[in-house]
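Following: one structure in structure tokens, then a few remarks.
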Amino acid sequence: MNTNILKTTLGAVALACSGLAMADVTFYESDNYGGRAFTVHDPIDNFQRIGFNDRASSVVVSGRPWEVCDDAGFRGHCYVLRPGNYPSLSSMGLNDRVSSAREADRNGNIPDNRWAPPPLPGQVTFYERDNFRGRSFSTTSDIGDFRRSGFNDRASSVTVVGESWQACDDTGFGGHCVFLRPGNYPSLAAMGMNDSVSSVRMVPPGMPVANTGWAPNPPPAYDARPRPQEQLFSAQVIASHAVFGTPTQKCWVEQTEVRDNRNQVGGAVIGGILGGILGHQVAHGNGAVAVGAIGGAVVGGAIGNANSGSRTEDVQRCRDVPASGPPQYWDTVYTFQGVEHHVQTTAPAGATITVNRFGEPRI
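Residues are numbered in our numbering as their position in the sequence shown, beginning at 1, plus a constant of 7.
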């Protein structure tokens with residue numbers, strides 16, 4: 008391989024889109040075109056020689072199809088990738104496993120089972136309410152003005168799959184903008200975009216973006232869209248139940264009579280302990296009243312000098328209160344080919360769920 012090409016391409020993500028040289032295939036170290044990048048347009052029979060063996064997790068192919076293999080010398084498990092963007096190699100069993108790559112034979116007949124599934128376009132889905140509730144609006148293409156779709160300034164949560172997107176609070180991709188990695192964003196409020204999104208566009212792979220421009224890393228989003236030519240099956244649902252938010256605590260303070268067998272202990276010591284821990288009003292004996300840690304010493308004096316064998320103190324009690332409102336999601340359990348699967352959905356499942364040959368859900 009030409010070492011000059013390697014020196015100018017390894018580790019520089021921006022060079023994948025540079026006008027200096029037209030790349031044929033660019034491998035990225037992380038999903039969604041993150042991490043180090045390595046661009047080639049000559050066959051490489053052993054990635055170990057250039058320090059990128061078993062490192063590729065996503066890839067961009069341009070111009071012509073490329074064959075990638077998990078063994079050196081174009082052997083082992085191989086797939087032919089059509090031109091396009093592949094944000095993850097996991098679905099074809101090649102994540103962190105690519106060891107050789109070359110342009111596919113232009114004259115040979117490639118069997119159907121050698122072709123990788125065509126990459127799905129990136130998609131972003133906005134929801135009218137937080138936690139993916141209410142009306143939704145999905146797109147796989149840039150939209151410069153949400154008013155045309157009737158969804159302007161309405162989005163409160165969003166799901167991003169396949170590619171990264173830029174969302175802006177003005178039309179024409181202006182104003183305050185944030186970059187959204189693939190994942191689930193249950194609320195846009197924290198990034199100042201609740202009910203504010205007016206335009207959105209896909210981020211080209213390799214586009215340099217300042218770290219401050221990205222929204223915080225979200226929980227992963229599952230891409231349940233059917234793949235082209237993918238065979239689908241019905242799996243039997245065996246359970247589905249609603250999952251609500253984390254319970255809150257309701258607390259209160261009540262006076263409780265406590266038997267005191269420690270009258271010989273110095274009152275100031277007892278009072279200091281009571282006042283420091285509780286921080287509430289404590290009353291005892293002949294009307295001695297104190298508040299907080301300072302008053303605790305006074306109350307302690309009253310306790311130490313009293314003849315009674317009991318006292319009262321404020322005790323905080325709490326109980327869990329179930330979260331109110333609609334479920335956060337529905338947890339569904341189904342079986343396929345003797346294997347139990349779990350999936351989280353925004354609505355209760357029916358008697359069956361659609362899956363592929365691996366049991367992965369499809370909608």
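Note that CB positions come from ideal geometry on N, CA and C, so glycine has one too.
Here the structure is a predicted model, which means the values were calculated and not measured.
Does DSSP put residue i in a helix, in a strand, or in coil?
{"i": "ILE57", "result": "helix"}
{"i": "ALA309", "result": "Note on ALA309: pLDDT 33, under 50, position unreliable in the model; the coordinate value appears next. If DSSP states are grouped into helix, strand and coil, ALA309 belongs with the helices."}
{"i": "MET209", "result": "strand"}
{"i": "TYR40", "result": "helix"}
{"i": "GLY179", "result": "helix"}
{"i": "ALA300", "result": "With a pLDDT of only 30 at ALA300, under 50, the local geometry of the prediction cannot be trusted, and no value is derived from it."}
{"i": "GLU110", "result": "strand"}
{"i": "ASP49", "result": "coil"}
{"i": "ASN92", "result": "strand"}
{"i": "PHE139", "result": "coil"}
{"i": "ASN191", "result": "strand"}
{"i": "SER65", "result": "strand"}
{"i": "ASP77", "result": "strand"}
{"i": "THR147", "result": "coil"}
{"i": "ARG154", "result": "helix"}
{"i": "ARG121", "result": "helix"}
{"i": "SER163", "result": "coil"}
{"i": "SER6", "result": "Absent from the structure is residue 6, since the part of the chain shown begins at 8 and ends at 370."}
{"i": "ALA242", "result": "strand"}
{"i": "ALA174", "result": "strand"}
{"i": "GLY83", "result": "strand"}
{"i": "LEU17", "result": "Reliability of the predicted coordinates at LEU17 is poor, the pLDDT of 40 falling under 50, and no value is obtained from them."}
{"i": "THR353", "result": "coil"}
Quick check on residue i: buried or exposed, where buried means 16 or more other Cβ atoms within 10 Å of its Cβ?
{"i": "ASP112", "result": "exposed"}
{"i": "GLN55", "result": "exposed"}
{"i": "GLN236", "result": "exposed"}
{"i": "VAL165", "result": "buried"}
{"i": "SER203", "result": "buried"}
{"i": "THR342", "result": "exposed"}
{"i": "GLN130", "result": "buried"}
{"i": "THR46", "result": "buried"}
{"i": "CYS325", "result": "exposed"}
{"i": "GLY182", "result": "exposed"}
{"i": "ARG121", "result": "exposed"}
{"i": "ASN39", "result": "buried"}
{"i": "HIS48", "result": "buried"}
{"i": "GLY115", "result": "exposed"}
{"i": "VAL371", "result": "Residue 371 lies beyond the range of the chain shown here (8 to 370); nothing can be said about it."}
{"i": "VAL67", "result": "buried"}
{"i": "THR263", "result": "exposed"}
{"i": "GLY299", "result": "Interpretation of GLY299 is limited by its pLDDT of 31, a score under 50 that renders its predicted location unreliable; the figure taken from the coordinates is listed afterwards. That one is exposed."}
{"i": "ALA44", "result": "buried"}
{"i": "ARG6", "result": "The shown model of the chain, from 8 to 370, leaves out residue 6, and the question about it has no answer."}
{"i": "GLU74", "result": "buried"}
{"i": "ASP31", "result": "buried"}
{"i": "GLU170", "result": "buried"}
Nearest CA to the CA of residue i: which residue from the options?
{"i": "PRO126", "options": "PRO94, ASP152 and VAL244", "result": "PRO94"}
{"i": "LEU88", "options": "ILE117, ARG142 and ASN60", "result": "ILE117"}
{"i": "PRO124", "options": "GLU135, ARG234 and ILE370", "result": "ARG234"}
{"i": "ASP230", "options": "ALA63, ALA242 and VAL362", "result": "VAL362"}
{"i": "THR178", "options": "SER203, GLY151, SER194 and GLY80", "result": "GLY151"}
{"i": "VAL322", "options": "TRP259, GLY41, PRO368 and SER205", "result": "TRP259"}
{"i": "ALA356", "options": "ARG188, ILE370, SER247 and TYR192", "result": "SER247"}
{"i": "ILE360", "options": "LEU96, ALA242, TYR86 and ALA249", "result": "ALA242"}
{"i": "SER69", "options": "THR352, TYR336, PRO368 and PRO212", "result": "PRO212"}
{"i": "PRO50", "options": "PRO72, SER37 and SER65", "result": "PRO72"}
{"i": "PHE240", "options": "PHE153, GLU135, PRO368 and GLU170", "result": "PRO368"}
{"i": "TRP172", "options": "PRO193, ARG155 and ASP149", "result": "ASP149"}
{"i": "PHE34", "options": "GLY41, ASP176, LEU187 and ALA63", "result": "ALA63"}
{"i": "VAL168", "options": "ALA217, VAL210 and ALA197", "result": "VAL210"}
{"i": "ALA217", "options": "ASN92, PHE186 and ARG232", "result": "PHE186"}
{"i": "GLN344", "options": "PRO334, VAL244 and GLU320", "result": "VAL244"}
{"i": "PRO128", "options": "TYR86, PRO90 and ASP119", "result": "PRO90"}
{"i": "TYR192", "options": "GLY100, ASP137 and ALA44", "result": "ASP137"}
{"i": "ASP52", "options": "CYS85, PHE144 and GLY41", "result": "CYS85"}
{"i": "ASP176", "options": "MET198, VAL340 and ARG43", "result": "MET198"}
{"i": "GLY42", "options": "THR319, SER143 and ASP103", "result": "ASP103"}
{"i": "ARG372", "options": "ASN60, ILE370 and ILE57", "result": "Coverage of the chain is limited to positions 8 through 370, which leaves residue 372 absent and any answer about it impossible."}
{"i": "GLU320", "options": "ASP338, VAL340, GLU261 and ASP327", "result": "GLU261"}
Compute the beta-carbon to beta-carbon distance between residue i and residue j, rounded to the nearest angstrom, for a pair I have assumed lies under 8 Å.
{"i": "MET200", "j": "ALA174", "result": "6 Å"}
{"i": "GLY190", "j": "ALA228", "result": "5 Å"}
{"i": "PHE180", "j": "THR353", "result": "Actually they are not in contact, since the Cβ atoms of PHE180 and THR353 sit about 29 Å apart, beyond 8 Å."}
{"i": "GLY366", "j": "HIS348", "result": "5 Å"}
{"i": "SER206", "j": "PHE153", "result": "6 Å"}
{"i": "SER98", "j": "SER65", "result": "With a Cβ gap of about 11 Å, SER98 and SER65 do not count as contacting."}
{"i": "PRO334", "j": "ALA196", "result": "Not confirmed; about 20 Å, so no contact."}
{"i": "ARG364", "j": "GLN238", "result": "6 Å"}
Q) Does the region 153-164 touch the region 219-234, meaning 3 or more C-beta pairs lie closer than 8 Å? A) As far as the Cβ criterion goes, the region 219-234 does not touch the region 153-164, which means the pair count is below three.
**Q.** contact_flag[the region 99-115, the region 74-83] where n(CB pairs < 8 Å) is 3 or more
**A.** Of all C-beta pairs linking the region 99-115 to the region 74-83, three or more are shorter than 8 Å, placing the two stretches in contact.
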